[in-house]
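The opening position of the sequence shown corresponds to residue 7 in this note's numbering, with each subsequent residue numbered one higher.
Idealized CB from N, CA, C, for every residue including glycine.
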Amino acid sequence: MSNTPNSKSRNARIQQLTVPNGEVIADFSDYAAAVDFVDQLIRHDFPAPMVAIVGSDLRTVERVRSKLSYGRVAFQGLVTGSWLGLLVSLFIQPASSAGTTAAASSVGSTTLAAVFIGAGIGMLINVLRFSLTRNRHEFSSASAVVAAKYEVVVPHPLVEQAQKAVAEHAANCK
């Protein structure tokens with residue numbers, strides 16, 4: 007029962023989510039440098055599934071993108087609502103009415119009405135949401151989890167092969 011395909015894939019996911027056993031062969035202060043190092047290893051025929059980049063000392067970084075105001079929030083709701091109104095009108099339009107010019111003008115006016123209704127509803131929802139949460143903060147931001155240190159880890163039996171690949175890459179770059 008434990009050898010079913012679902013249990014194999016679940017075990018593989020669990021194994022990927024644990025800190026790998028092995029030896030640290032390099033450490034970096036930024037993720038891009040760690041990725042470049044792993045690319046070097048893989049270019050020199052090191053088995054890709056045997057490499058892991060482990061981040062430590064995790065921090066949440068929130069970057070403030072812009073100040074929010076009622077005008078800005080209303081405009082964002084207008085744009086989003088307009089697009090949603092357009093999409094809804096395109097999906098709801100009957101396909102059989104595309105033949106005549108009277109039907110085409112009816113489709114155009116229906117689409118235009120849906121865009122305006124969607125814009126109004128989008129503005130209303132965004133302004134209401136902003137007014138209810140205004141006392142929390144008045145800015146928009148994006149947050150990410152960033153590590154202070156990144157370590158490249160390989161299994162103990164493959165450390166020598168990894169060091170050889172790094173040495174080959176260093177020799178080729180000279």
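| query | result |
| --- | --- |
| Give a yes or no on contact between the region 40-57 and the region 164-173, applying the rule of three or more CB pairs nearer than 8 angstroms. | yes |
| For G87, which option in F122, S62 and S137 has the closest C-alpha, if you only look at C-alpha atoms? | F122 |
| Between the region 146-166 and the region 26-35, do three or more beta carbon pairs fall short of 8 angstroms? | yes |
| On the DSSP bridge assignment, give the partners of V160 in chain order. | E29 |
| Please go through the same chain and pick out, in chain order, the residues whose beta-carbon is closer than 6 angstroms to the beta-carbon of L90, but skip the five residues on each side of it. | G124 |
| If you drop the 5 nearest sequence neighbours on each side, which residues of the same chain put their C-beta closer than 8 angstroms to that of G114? | none |
| For L92, I'd like the list of residues in its chain whose CB is within less than 6 angstroms of its CB, leaving aside the five on either flank, ordered along the chain. | V121 |
| Since L47 is in the alpha helix (DSSP H), which residue starts that stretch and which ends it? | Y37 to R49 |
| Looking only at DSSP bridge pairs, what is L64 linked to? | A153 |
| Any idea what DSSP makes of R142, helix, strand or coil? | coil |
| Please state the DSSP three-state secondary structure of S70. | According to the sequence as given, residue 70 is Val; it is not Ser. V70 falls in the strand class under three-state DSSP. |
| Relative to the alpha-carbon of A176, which residue among L47, V151 and F34 has its alpha-carbon at the smallest distance? | L47 |
| Cα-Cα, which of F43, D36, T116 and V151 is closest to S95? | T116 |
| Which partner residues does F1 have in the DSSP bridge list? | Look at the range of the chain in this structure, 7 to 180, and you will see that residue 1 is not part of it. |
| By a C-beta neighbour count over all protein chains shown, 10 Å radius and 16 as the cutoff for buried, is V25 buried or exposed? | exposed |
| Could you have a look at S75 and say whether DSSP puts it in helix, strand or coil? | coil |
| Measuring alpha carbon to alpha carbon, tell me which of I98, L74 and V152 ends up nearest R142. | L74 |
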